[in-house]
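Chemist: I have a structure here, written as structure tokens, and I will follow up with some questions on it.
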Amino acid sequence: MRVIRKATLLAVLSAALLALMVAATPGTAATSASRQTVTVSIASITPDVPTSPSDEIKFAGTVRNDTGAPKPAMRVRLRYTPQRIIDRASMEVYAADQNTTTLPGNVSSSSAMDIPPLAAGEETRWEFTATPVQLGYRSFGAYPIAIDVAQYGVPIFAQRTFLTYAPPTVPKPPRNKLAVALPIIDQPHRATDGSMFVDDKLSQSVAGRGRLADLARVAQVAPKTVTWFFEPGLLDDLDVMKSGYTVRTKDGEESRPASAAAGAWLTSMRTSLASSPVVAVPYADPDVTGMAHRGLDVQPNRAIQLAGQKAGELLGREVKTNVNWPPSGRLDPDALDLLSVSDAKVDRVLLDPGNLPPQPPVTFTPDAASTLDSVNGPVTALVADPQLSALFEPKGATSVLLSTQRFIAETAMISAEQGQTSPRSLVIAPSRRWDPNPALVSALLKAAGRLPWLQMTTLESIKPSKASVPRAGLTYTDADRKDELSGKYLKRVKETWEKAQLTAEITTTKTRSSFDAAVLRLSSSAWRSSSRTGRALTKQVSAAVDDRLGKVTITGAGSDRPRKSLAGSDGVVPISVKNSTGAQISLYVDVQSNNRKLLQVKDQNERLTIGVGQSGTVPVPMNATGNGDATVTVQLRTVDGKAYGEPVRLTIRTTGYTGIASVIVGAALTVMLAAVVTRVLRRRSERKLARAAKNREVSTA
């Protein structure tokens, strides 16, 4: 290796002054480094887990000058320490530290390399080799290392990472169980169940480097132990897209051709996950806790039923629904009880660690499995590890290598924690709407499968054991409640649901409402952060429900002042109902007088069944006590007595002449009979007179 050139006296003084400034203000180094944009990166570490004291470890990478100006000679150095990291908290502190003055202190002469002057934008490679013995490693564990680039002996940029040393030890580190849960969850893209989409985001997501396309790539290479959580509403949307669809735009509507990408994505998922555990989250991923707190107790169960049905149909296989992963990984006892008594009898939940913390707090990594009590019996709670889960979706730019080295170190640290006498369970669960890097996820899963201190397993296989720690119970804070869909919002959703159920309750086949999926989309947890979109969808679905309700109408009730006549003080008024729903219906017509002193309406209990496109009529008995106009309110009702649609007000014109007409008719009959008798007698008298006259004429002759 080249020896660094002697610095001038001015350069040495400048470097010393810079070092003093860095020591006085720890934050200054990171700020200065970020401005200098001379970067050093680690491209490879081979092997990533040395297992023998004599293993040759090769470190390689690059230095790049992005300052926009030539850069004088610099030096790249491997920095290390023979002291392993003592716990995961220390590991987090080290990884987050950007201060170049706190880098590992050891630098060997064999692990330093001079870099010649770099022109603007120029890059050069570096490479070091070392053995665990040279680095001072003696025992199993994770060690901090760094590569820095220095000028005049002062580091100006550094890249930190970890190296795990795993020599044969007695006893061997415990082999902890690791289950990985990966979500395939999106937000709803339709209001009703037709082919009208409110946006065209899915077409971008399933193609090219889109989020869903990347998820499909992960599924193709993931081990069969990974448990996949599908939101069936997403599958439903893609199934519609593959046959052609329409997108609502600012200017109206635009037709889209059949999406080959959507069909290919569904096929890929069916094939890739044919042998993997698959769980369906409730349809549309509803805000279950918010619904439990607002009295929407029926909807979560229906969402679970519909989820199992749709996921099974579209994936072509059995899909479990007894495992629940609530939004944000948080629920409270009310929501847990609601899930446990559902048709699926949810007996396993996947939670965020803040929702079920250890009690008392522990200094080591707790076992993932625990037991909760519900009204329907014990429920297994699985708590995701936050640090390991975060590695599957790192914030900001990070390399696959650095994330993999961190993952290896984290899991090794867990195995090496003091006090562990038996294997523990670990669960990884990135956020439900994550945007994965397929190369990173693939590398992490491959690493997990080959590390001797980990055993990959399915989520279902993890159960509470002797390693489980006491936990505080479900911790649901005021902040968690504020994150829920608001009471005002869910009230409108509940009203829309109740109206939608009426459209099914009047059918003679008693099928489920065709609006179930549409209303469940309104309750999606996606609208927690996008309530405006949720309100717009609610308005569309509510209008569609009202339109369906309006297809059952009272004939003749459309004018401003609809009138019907009652011919007499007693009689019947026919009320006709037209069915334009497309299905045979059965209902009751409830008529109530608004002025009982003038008009009484007898109770009606005749069920009216009307065929498709036909009308039915119910004769309603009424009694009037005088002449004039009276009003009645007509309300259609289901067979269960629920009001269907809006009530209609009709005016009944009463004439009250039936009794008088009877008297008039009787008198007229008497007069008519008298006239007939008179005519008969007159004709008899006339015939007698004629015969007498004729006899006299004969006698005279």
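Read in order, the letters of the sequence shown are residues -29 to -1, 1 to 672 in mature numbering (1 follows the signal peptide of the UniProt record, and there is no 0). Think of the CB as a built atom: it goes at the ideal place given N, C-alpha and C, for glycine as much as any other residue.
1. List in chain order: all unbroken beta strand (DSSP E) runs of 3+ residues lying wholly within the region 70 to 133.
2. Assign Glu466 to one of three DSSP states: helix, strand, or coil.
3. Can you give, in chain order, each stretch of the beta strand (DSSP E) that sits fully within the region 467 to 539 and has at least 3 residues?
4. In whole angstroms, give me the CA-to-CA distance for Thr135 and Glu388.
5. Whole angstroms is fine: what's the gap from Ala383's alpha carbon to Leu353's?
6. Just verifying my parser: in three-state terms, what is the DSSP assignment at Phe378?
7. Report, in whole angstroms, the separation of the C-beta atoms of Gly283 and Val290, which I expect to be a contact under 8 Å.
8. What's the C-alpha gap between Arg619 and Gly553?
9. Kindly indicate which three-state DSSP category residue 695 falls into: helix, strand or coil?
10. Please state whether DSSP places Trp199 in a helix, a strand or coil.
11. DSSP has Ala340 in a bridge; who is on the other side?
12. Let me confirm a value: Val333 is counted as buried when at least 16 other C-beta atoms fall within 10 Å, else exposed. Which label applies?
13. Once the 5 residues before and after Ser436 are set aside, which same chain residues still bring their CB inside 8 Å of it?
14. Can you check DSSP and say which residues form a bridge with Lys549?
15. Among Ala355, Asp574 and Asn594, which residue has its Cα nearest to the Cα of Leu430?
16. Determine, using beta carbons only, whether Pro24 and Pro75 come nearer to each other than 8 Å.
17. Looking at C-alpha atoms only, which residue of Ala471, Pro159 and Leu372 is the closest neighbour of Arg519?
18. Just the Cα atoms here: how many angstroms apart are Arg506 and Pro159?
19. To the nearest angstrom, how far is the alpha carbon of Val197 from that of Tyr559?
20. Quickly, what does DSSP pair Pro15 with across the bridge? List them, please.
21. Checking 8 Å against the spacing of the C-beta atoms, do Ile57 and Pro115 come in under that value?
22. Provide the residue(s) that pair with Tyr447 in DSSP beta bridges, ordered along the chain.
23. Rounding to the nearest angstrom, what Cα-Cα distance links Thr217 and Ala233 in this structure?
24. Tell me, please, which residues DSSP counts as bridged to Phe168.
25. Check whether the region 445 to 465 and the region 237 to 252 are in contact - that is, three or more C-beta pairs closer than 8 Å.
26. Within 10 angstroms of its Cβ, does Val412 collect 16 or more other Cβ (buried), or is it exposed?
27. Does DSSP put Lys148 in a helix, in a strand, or in coil?
28. For the candidate residues Gln575, Asp318, Leu569 and Pro203, whose alpha-carbon lies nearest to that of Asp600?
29. So Tyr65 is in the alpha helix (DSSP H); what residue range does that whole segment cover?
Modeler: For this structure:
1. 77 to 86, 94 to 101 and 112 to 122
2. helix
3. 523 to 525 and 534 to 537
4. 14 Å
5. 21 Å
6. helix
7. 5 Å
8. First, the residue type needs correcting, since residue 619 is Val and not Arg in the sequence shown. When rounded, the distance between both Cα atoms is 23 Å.
9. Because the chain in this structure spans residues -29 to 672, residue 695 falls outside the shown range and cannot be described.
10. strand
11. Leu353
12. exposed
13. Asp338, Ala340, Ser393 and Ser396
14. Thr524 and Ser586
15. Ala355
16. no
17. Ala471
18. 13 Å
19. 54 Å
20. The amino acid at residue 15 is misidentified as Pro; the sequence shows Ser. Ala31.
21. no
22. Tyr447 pairs with nothing; no bridge assigned.
23. 15 Å
24. Arg161 and Val218
25. no
26. buried
27. strand
28. Leu569
29. Arg59 to Ala67
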